[in-house]
Structures are given as C-alpha cells and as structure tokens.
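Numbering (the working numbering), first residue to last: 4 to 176.
Backbone N, C-alpha and C define an ideal beta-carbon position, used for all residues, glycine too.
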C-alpha cells in the first residue's frame with residue numbers, strides 16, 4: 004500500500020492538485036536526509052502569496068516565520084513535535100492529522116495535514132491560530148474535519164501511514 008500512496012501523490016502533483024514545496028532559501032539538507040512537503044494549491048498560495056496576502060491580518064513577519072518552519076521541515080532539521088512547538092499531532096489520534104506551526108510572530112499560522120509516509124507530509128488546510136479556540140473546541144474540530152475531508156477527496160480510500168509522530172518526523176539524532 005505504501006507504493007500506491009506514493010503513486011497517488013505523484014499523480015496529484017502531475018494534475019496540479021498538489022504542489023511540491025521547495026525551500027525559499029538554498030541550503031544543504033541535514034545529513035540524515037531531507038523531508039518532502041506537498042501543499043494543496045490553495046494552501047501554497049496562502050503560504051507564498053503572489054501579491055498581498057488574501058487575509059489582511061497575516062503579516063510579512065508571520066509569513067516569514069512560517070516559511071522558516073516549512074524550510075526547516077524540508078531540510079530535515081529538528082522539529083519539536085513532543086512539546087508541540089514546531090508541529091503537533093492533533094486529537095483525535097485516529098484521524099492522524101498534524102499541524103506545522105509558526106509561533107514566533109503574531110499572528111501565528113497553522114498548516115494542517117497528514118503524513119503519507121515517514122518524512123512525507125501533505126499540507127491541505129491553513130488557518131490563523133487566532134481563529135481557533137484557546138483549547139480544543141468546535142473550531143479545532145472543524146479544522147481537523149476539513150483536513151480529513153480534503154485527504155479523502157485527494158487520496159480516497161488509499162491508506163496512509165499510521166505510527167507514532169516521532170516515526171513520521173524522524174528528527175535528526
């Protein structure tokens with residue numbers, strides 16, 4: 004099934020349903036290897052708008068920090084997922100939805116998605132942290148459900164990888 008999900012992702016890239024993220028700064032990846040990141044076209048434009056950001060609350064500083072996070076992910080750099088600083092697996096666990104987070108600049112930005120396989124992430128939904136409750140609630144549930152729905156629309160019944168998030172991220176040792 005792992006080859007079928009990779010074949011599915013490659014077909015989605017070919018037909019324009021996913022866009023491969025390339026770091027915005029050229030740099031060598033970590034010696035243990037890079038990670039791959041694909042974004043839906045909507046999420047890609049939200050992270051890297053061709054002009055002014057469509058949400059006027061999003062600042063250049065917050066976008067720059069999100070870019071730093073996405074770059075670090077793709078370079079294979081350390082991502083704190085246990086403390087939930089850089090990324091986090093969201094509840095309920097069985098949905099297997101994770102977020103990549105910007106946290107140093109306001110407003111904080113969130114990219115919701117899932118791991119196809121270890122080190123391979125699809126970002127399908129985006130939001131501002133301010134648009135979610137302080138703790139788990141209906142807005143969090145809706146963002147997770149939307150991401151789950153987008154995954155189903157993109158990959159259908161193709162199974163995805165399920166393990167401990169540490170296995171997904173495979174941080175450098």
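Straight-line gap, residue i to residue j (C-alpha atoms, nearest Å)
i: residue 49; j: residue 176; result: 32 Å
i: residue 26; j: residue 115; result: 18 Å
i: residue 73; j: residue 159; result: 26 Å
i: residue 89; j: residue 119; result: 19 Å
i: residue 20; j: residue 62; result: 27 Å
i: residue 69; j: residue 112; result: 7 Å
i: residue 2; j: residue 157; result: Shown here, the chain extends from 4 to 176; a query on residue 2 therefore has no answer.
i: residue 81; j: residue 55; result: 31 Å
i: residue 143; j: residue 100; result: 11 Å
i: residue 87; j: residue 167; result: 14 Å
i: residue 51; j: residue 131; result: 15 Å
i: residue 135; j: residue 155; result: 23 Å
i: residue 133; j: residue 110; result: 7 Å
i: residue 149; j: residue 35; result: 33 Å
i: residue 139; j: residue 29; result: 37 Å
i: residue 7; j: residue 13; result: 10 Å
i: residue 153; j: residue 57; result: 21 Å
i: residue 151; j: residue 98; result: 7 Å
i: residue 43; j: residue 64; result: 22 Å
Whole-angstrom C-beta distance between residue j and residue i, which should lie under 8 Å
i: residue 104; j: residue 173; result: Actually they are not in contact, since the Cβ atoms of residue 104 and residue 173 sit about 18 Å apart, beyond 8 Å.
i: residue 38; j: residue 124; result: 7 Å
i: residue 126; j: residue 77; result: Residue 126 to residue 77, Cβ: 11 Å. No contact.
i: residue 93; j: residue 147; result: 5 Å
Extent of the continuous beta strand (DSSP E) to which residue i belongs
i: residue 39; result: 39-42
Span of the alpha helix (DSSP H) around residue i
i: residue 169; result: 168-172
Those residues which DSSP pairs with residue i across a bridge
i: residue 22; result: 42
For the region 90-154, list the beta strand (DSSP E) runs that are entirely contained and at least 3 residues long, ordered along the chain.
-> 90-92, 101-104, 112-120 and 123-131
Unbroken stretches of the beta strand (DSSP E), 3 residues or longer, contained in the region 29-82 = 39-42
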